[in-house]
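Structure first, then comments.
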Amino acid sequence: MTHWLLEPLAYSFMVRGLLASLLVGTVCAVLGTYVVVKGMAFFGDALAHAILPGVAVAYLARWPLFAGALVTGVIAAVGIGTLTRRGHLKEDTATGIIFSGAFALGIALLSTVETYSVDLTHFLFGNVLGVSTADLWLTAGLGGLVLLLVAAFYKEFLVLAFDPVLARMLRLPTTLLHYLLLVMLAVTVVVSLQTVGVALMVAMLVTPAATAYILTRRMPAMMGLAALFGSLSAVAGLYLSFYVNVASGPAAVLVCTVLFLVALLLSPRRGLVWEWARRR
Amino acid sequence: MNRCEVLRVEEVTAGYDNTAALERVSFSVFGGEQVAVVGPNGAGKSTLFKVIAGLLPLRVGRVRVMGCDPHREPVEISYVTQQGEVDFSFPVTAADVVMMGRIGRMGWLRWPSRQDREVVRRALAQVGIQDLADRQIGELSGGQQQRVFIARALAQEAEILLMDEPFAGVDATSEQAILDLLERFKEGGITILLSTHDLNLAADRFDRVLLLNREVIAYGPPQEVFCPDVLHRAYGGQLAVWEHERGLVMLGDGHCSMGEEVAR
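Just so you know, the sequences run in chain order A and B. Okay, so the first sequence: first residue is 20 according to this note's numbering, each after it adds one. Okay, so the second sequence: first residue is 11 according to this note's numbering, each after it adds one.
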């Protein structure tokens, strides 16, 4: 067993991949708890897709991909956030229009290059084995910053998510906190780009957090468990890609999904199996 | 009981979009008083509370809470909103919800201290649900949930407490617990504004009654406000009033859905 676990780590790209998986799995899942409790899954999905044009421009102009993704991510987060707050359209309609438009622009830009299909696949589904040392440092720095902010403003984000009226009564800067959370989400999406890719990002945000939600009744426990499930799934995906030769991003998402289904069926409090048994 | 004025509402007009839910409303409340806010559906009771809490801007007029403008400065008010305005499947326990009331006192970048935890424990005990502290909020009954939100208001340690329909959809035990609490607030000198549809309760338990129907119809001690023609001006046909040898018997709103004009 240990041999089986350690053997891949003889390759340095696997070590970097492992560290990136742990980091991304944790950061996505922790921030994902807010995505789940605030019902922002569609927003998270949209945000992930909307950064593609920035990545494409950076790629074509040979700028650092991180920078391109980060700038677009923040613009998209604030843009969608503002539009859904003040627009005349329903929230999901506005989000749908922006994200598919941006996504199309990204694909159109990438389609101008000859290596179109290979590049697009990397952006869509990630390539954890291609994580460089510099990528890893950026992931650790930005991911660490997001986790630090989650901890520092824990009680403010909690009250804003649970009871916005109380947040206003307490005279918290609710708009500022809302946008801060959106920007943190954008940063999370960007640092996860290399590992899971655009298309399946929402699964890493939502699925581990939803699994933890089924199993817990408090936010800190939900965050802890989500981080555990998220990093476990990401690492499992990495090993699956090494041994079974499936793409690591989809493999991680599949592991997440299986964990979720198991929790859904067997959770001591809300498990479907127990509910079914009680009803008999 | 301090007899100084803690709340003054002057000529307030406010509302949503182009409609005025409140028009030229004026009244004032003294420290430690318990005021019942009554009136038919759509009378502007919730709007009034939002205006006092500083959550809804005024079109005309001004509000002063202990001399401060609630729309500019933080004020000593806690506000228990109507039931069902939060997501009860949220992963928080009763104690977590009450602790949220302490955030204002804690300040930025601080975690709950032992004193905060003690305040939370005491607030839960005061509303009689200390045993339910670790239950997830959605696992509690409607009345227990209401008591959690009142405990949170207590934990805020504010001087003025606004309660919007706290008895709506609440079981008898919780209703009694809330009433007992109101008794104890009298000793504590906390000022209460409470909206309710239960006119008999308003008549029995409160120092003053504010009868509202977009404007102030009457404001004063219950015996002055609850006379048939004043009530008729507020409720029209929505309320049945009988004169009984022990006083008035009133059936309001939901109970009298046929809207017969029984009031004389």
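Ideal Cβ placement from N, Cα and C applies to all residues, glycine included.
Checklist entry - Roughly how many angstroms lie between the CA atoms of L71/A and N146/A, to the nearest whole one? => result For the purposes of this step, residue 71/A is identified with residue 52 of the first sequence, where counting begins at 1. For the purposes of this step, residue 146/A is identified with residue 127 of the first sequence, where counting begins at 1. In a straight line, the C-alpha of L71/A is about 15 Å away from that of N146/A.
Checklist entry - If we cut at 8 Å on Cβ distances, does A171/A have a partner in chain B? => result Residue numbering aside, residue 171/A sits at position 152 when the first sequence is read from its first letter. Chain B, which has a Cβ nearer than 8 Å to the Cβ of A171/A, makes this yes.
Checklist entry - With burial defined as no fewer than 16 other Cβ atoms inside 10 Å of the residue's Cβ, what is the status of G36/A: buried or exposed? => result Taking the first residue of the first sequence as 1, we reach residue 36/A at position 17. Result: buried.
Item to check | Three-state class that DSSP yields for M76/B in the structure shown | outcome: One-based indexing of the second sequence puts residue 76/B at position 66. Note: M76/B maps to coil in three-state DSSP.
Checklist entry - When Cβ atoms are compared, which residues of the stretch 132-165 of chain B fall closer than 7 Å to chain A? => result Q146
Next on the checklist: Between the alpha carbons of R120/B and V75/B, how many angstroms are there, rounded?
Outcome noted: Within the second sequence, residue 120/B is the residue found at index 110, counting from 1. Within the second sequence, residue 75/B is the residue found at index 65, counting from 1. Taking the straight line from one Cα to the other gives about 28 Å.
Item to check | Whole runs of the alpha helix (DSSP H) within the stretch 94-138 of chain B, excluding any shorter than 4 residues | outcome: 104-110, 113-116, 124-136
Checklist entry - From L171/B to R105/A, what does the alpha carbon distance come to, in whole angstroms? => result Locating residue 171/B in the second sequence gives position 161, where the first residue counts as 1. Locating residue 105/A in the first sequence gives position 86, where the first residue counts as 1. Approximately 32 Å between the Cα atoms of the pair.
Next on the checklist: Whole angstroms are fine: how far does the CA of E20/B sit from the CA of E33/B?
Outcome noted: By 1-based counting over the second sequence, the position of residue 33/B is 23. By 1-based counting over the second sequence, the position of residue 20/B is 10. So the two alpha carbons sit approximately 11 Å from each other.
Item to check | Nearest neighbour of Y198/A, chosen from V93/A, A80/A, P27/A, T235/A [CA to CA] | outcome: The residue labelled residue 198/A in the question sits at position 179 within the first sequence. It is V93/A whose Cα lies nearest to the Cα of Y198/A.
Checklist entry - Using a Cβ-Cβ cut-off of 8 Å (strictly less than) and excluding sequence neighbours within five positions of V292/A, which residues of its own chain qualify? => result What you label residue 292/A is simply residue 273 of the first sequence in a count that begins at 1. Excluding sequence neighbours, V292/A sits near L284, L285.
Next on the checklist: When you compare the CB of V217/A with every CB in chain B, is at least one pair closer than 8 Å?
Outcome noted: Residue 217/A sits at position 198 when you count from the first residue of the first sequence. With 8 Å as the cut-off, V217/A does not count as an interface residue toward chain B.
Checklist entry - Is there at least one Cβ from chain B nearer than 8 Å to T235/A's Cβ? => result Here residue 235/A refers to the residue found at position 216 of the first sequence. Yes, because at least one Cβ of chain B sits closer than 8 Å to the Cβ of T235/A.
Item to check | Boundaries of the alpha helix (DSSP H) in which F236/B is found, first to last residue | outcome: Start at 1 with the first residue of the second sequence, and residue 236/B comes out as number 226. From DSSP, F236/B is part of no alpha helix (DSSP H); its letter is neither H nor E.
Checklist entry - Taking all protein chains shown into account, do 16 or more other C-beta atoms lie within 10 angstroms of the C-beta of Q44/B, making it buried, or fewer, making it exposed? => result In the second sequence, counting from the first residue as 1, residue 44/B sits at position 34. That one is buried.
Checklist entry - Does the beta carbon of V73/B come closer than 8 Å to any beta carbon on chain A? => result Start at 1 with the first residue of the second sequence, and residue 73/B comes out as number 63. With 8 Å as the cut-off, V73/B does not count as an interface residue toward chain A.
Item to check | Where the alpha helix (DSSP H) containing M173/B begins and where it ends | outcome: Start at 1 with the first residue of the second sequence, and residue 173/B comes out as number 163. That residue, M173/B, is in no alpha helix (DSSP H); its beta strand (DSSP E) goes 170-174.
Checklist entry - To which residues of the same chain is L102/A closer than 7 Å at the C-beta, ignoring the five residues directly before and after it? => result Working through the first sequence from its first residue, we reach residue 102/A at position 83. These residues qualify, in order along the chain: A113, I117.
Checklist entry - Could one say the Cβ of M268/B lies closer than 8 Å to chain A's Cβ atoms, at least one of them? => result Locating residue 268/B in the second sequence gives position 258, counting from the first residue. With a pLDDT of 36 at M268/B, under the threshold of 50, the modelled position of that residue is not reliable, and the figure given next carries that caveat. For M268/B, the answer is no, since every Cβ of chain A falls outside 8 Å of its Cβ.
Next on the checklist: Using beta carbons (cut-off 8 Å, strictly below), is Y245/B in contact with chain A?
Outcome noted: Position 235 of the second sequence, counting from 1, holds the residue named residue 245/B. Chain A, which has no Cβ nearer than 8 Å to the Cβ of Y245/B, makes this no.
Next on the checklist: Does chain A have any CB closer than 8 Å to the CB of T91/B?
Outcome noted: The residue given as residue 91/B occupies position 81 in the second sequence. Cβ-Cβ to chain A under 8 Å: yes for T91/B.
Item to check | Cβ neighbour criterion (16 or more within 10 Å) applied to V70/B | outcome: Your numbering for residue 70/B matches position 60 in the second sequence. Exposed.
Checklist entry - Roughly how many angstroms lie between the CA atoms of A123/A and F142/A, to the nearest whole one? => result Looking up residue 123/A in the first sequence gives position 104. Looking up residue 142/A in the first sequence gives position 123. In a straight line, the C-alpha of A123/A is about 14 Å away from that of F142/A.
Item to check | Short Cβ contact (8 Å threshold) for A253/A with V150/A | outcome: Numbered from its first residue, the first sequence carries residue 253/A at position 234. Numbered from its first residue, the first sequence carries residue 150/A at position 131. Not closer than 8 Å, so no.
Next on the checklist: What does the Cβ neighbour count give for T183/B, buried or exposed, with the cut at 16 atoms within 10 Å?
Outcome noted: If you number the second sequence from 1, residue 183/B lands on position 173. Flag for T183/B reads exposed.
Checklist entry - Taking 8 Å as the CB-CB cut-off, is D106/B touching chain A? => result Locating residue 106/B in the second sequence gives position 96, where the first residue counts as 1. Output row for D106/B: interface = yes.
Checklist entry - Helix or strand or just coil, what does DSSP make of T21/A? => result In the first sequence, residue 21/A corresponds to position 2, counting from 1. Three-state result, T21/A: helix.
Checklist entry - With a Cβ-Cβ cutoff of 8 Å, do L219/A and G256/A count as a contact? => result For the purposes of this step, residue 219/A is identified with residue 200 of the first sequence, where counting begins at 1. For the purposes of this step, residue 256/A is identified with residue 237 of the first sequence, where counting begins at 1. Cβ distance not < 8 Å, so L219/A and G256/A don't count as in contact.
Checklist entry - Contact check, V311/B vs A163/B under 8 Å by CB: the rounded distance? => result This structure leaves residue 311/B out entirely; chain B is present only between 11 and 274.
Checklist entry - Cβ atoms of E175/B and T206/B: under 8 Å apart, would you say? => result Position 196 of the second sequence, counted from the start, is the residue given in the question as residue 206/B. Position 165 of the second sequence, counted from the start, is the residue given in the question as residue 175/B. Yes.
Next on the checklist: For a test of the three-state rule: what should DSSP assign to N223/B, helix, strand or coil?
Outcome noted: The count along the second sequence starts at 1 and reaches residue 223/B at position 213. Three-state result, N223/B: strand.
Next on the checklist: The beta strand (DSSP E) that contains F176/A, what's its start and end?
Outcome noted: Position 157 of the first sequence, counted from the start, is the residue given in the question as residue 176/A. It is not in any beta strand (DSSP E) - F176/A instead sits in the alpha helix (DSSP H) that spans 173-181.
Item to check | Partners in chain B for F181/A, counting only beta-carbon separations shorter than 8 Å | outcome: Here the question's residue 181/A lines up with position 162 in the first sequence. What F181/A touches in chain B: V96, D97, F100, V102, V107, M110.
Item to check | Beta-carbon proximity list for D217/B, same chain, < 6 Å, skipping 5 on both sides | outcome: As a working mapping, residue 217/B is identified with position 207 in the second sequence. Result list for D217/B: E43, Q44, in chain order.
Next on the checklist: Using beta carbons (cut-off 8 Å, strictly below), is L283/A in contact with chain B?
Outcome noted: Locating residue 283/A in the first sequence gives position 264, where the first residue counts as 1. Taking Cβ atoms only, chain B never reaches closer than 8 Å to L283/A, which makes this a no.
Next on the checklist: Tell me which residues of the stretch 56-88 of chain A have at least one Cβ-Cβ distance to chain B shorter than 8 Å, keeping chain order.
Outcome noted: V56
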